[in-house]
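Numbering (my numbering), first residue to last: 11 to 272.
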């Protein structure tokens with residue numbers, strides 16, 4: 011028996027193939043677009059939060075360093091010699107008031123323009139920032155001092171640390187404005203008729219100062235400050251003494267805490 015063979019080979023039937031349609035691709039792209047928009051909106055918030063935390067950490071560390079430097083007074087600490095590399099300018103504003111001896115009312119007599127000092131040595135920086143808020147040259151005069159300093163943060167990336175002298179890097183470094191206030195502490199009045207309490211109250215007045223360091227950051231190119239705000243407060247024991255300037259027309263008096271004179 012003869013077997014007939016076909017002249018054309020029989021090919022197996024191909025299975026059906028599936029793929030994404032244009033509608034499905036368009037829906038996928040829409041979902042990815044919505045996700046990217048959400049990520050892009052959250053990303054700046056995260057970056058701003060990271061920047062704020064970094065700046066606040068730098069201010070916290072610098073505040074402790076400034077408190078130690080002011081408390082040390084003329085004795086100085088190892089950091090003091092580096093202050094001149096980080097402090098750009100120190101500004102002092104002085105307002106003179108007339109005091110009415112009858113009722114104690116104050117009237118502005120003279121407002122001295124802002125005096126800006128730069129290229130200062132560390133004793134001058136400490137001496138200016140330790141200036142008391144109020145001075146009483148005589149019974150009818152009250153002098154109000156307002157001192158601030160623009161400081162490049164001493165805590166931060168190593169690329170901005172001394173001896174970095176690249177002006178571009180230094181200008182881009184984190185800079186804050188420091189306001190120093192040295193005032194008498196708010197003490198309760200001594201009980202009347204008690205000489206021991208009055209003497210103790212007088213000793214506290216003579217040997218205790220309330221120091222507040224207010225930080226504003228960052229310092230913007232136009233001279234204004236950003237929204238960063240933080241204030242630190244401490245009480246310093248000792249005598250606050252002044253060092254008269256040899257040139258009263260150019261250099262102000264400097265003030266230093268002397269803890270050893272309890």
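Every residue, glycine too, gets a C-beta built ideally from N, C-alpha and C.
Nearest-angstrom Cα separation, counted from residue j out to residue i
{"i": "residue 209", "j": "residue 268", "result": "21 Å"}
{"i": "residue 160", "j": "residue 57", "result": "25 Å"}
{"i": "residue 112", "j": "residue 120", "result": "21 Å"}
{"i": "residue 262", "j": "residue 47", "result": "57 Å"}
Residues sharing a beta bridge with residue i, DSSP
{"i": "residue 59", "result": "DSSP lists no partner for residue 59."}
{"i": "residue 230", "result": "Looking at the DSSP assignment, residue 230 forms no beta bridge with any residue, so it has no partner."}
{"i": "residue 126", "result": "101"}
{"i": "residue 253", "result": "264"}
{"i": "residue 145", "result": "153"}
{"i": "residue 161", "result": "97, 186"}
{"i": "residue 118", "result": "107"}
CB contact flag (residue i, residue j, <8 Å)
{"i": "residue 250", "j": "residue 192", "result": "yes"}
{"i": "residue 275", "j": "residue 218", "result": "Residue 275 lies beyond the residue range present for the chain, which begins at 11 and ends at 272; the question has no answer from this structure."}
{"i": "residue 65", "j": "residue 265", "result": "no"}
{"i": "residue 101", "j": "residue 126", "result": "yes"}
{"i": "residue 180", "j": "residue 162", "result": "yes"}
{"i": "residue 131", "j": "residue 186", "result": "no"}
{"i": "residue 72", "j": "residue 103", "result": "no"}
{"i": "residue 152", "j": "residue 107", "result": "yes"}
{"i": "residue 155", "j": "residue 147", "result": "no"}
{"i": "residue 195", "j": "residue 220", "result": "yes"}
{"i": "residue 166", "j": "residue 149", "result": "no"}
{"i": "residue 230", "j": "residue 76", "result": "no"}
{"i": "residue 172", "j": "residue 95", "result": "yes"}
{"i": "residue 118", "j": "residue 109", "result": "no"}
Nearest-angstrom beta carbon gap, residue j and residue i [assumed within contact, 8 Å]
{"i": "residue 136", "j": "residue 79", "result": "6 Å"}
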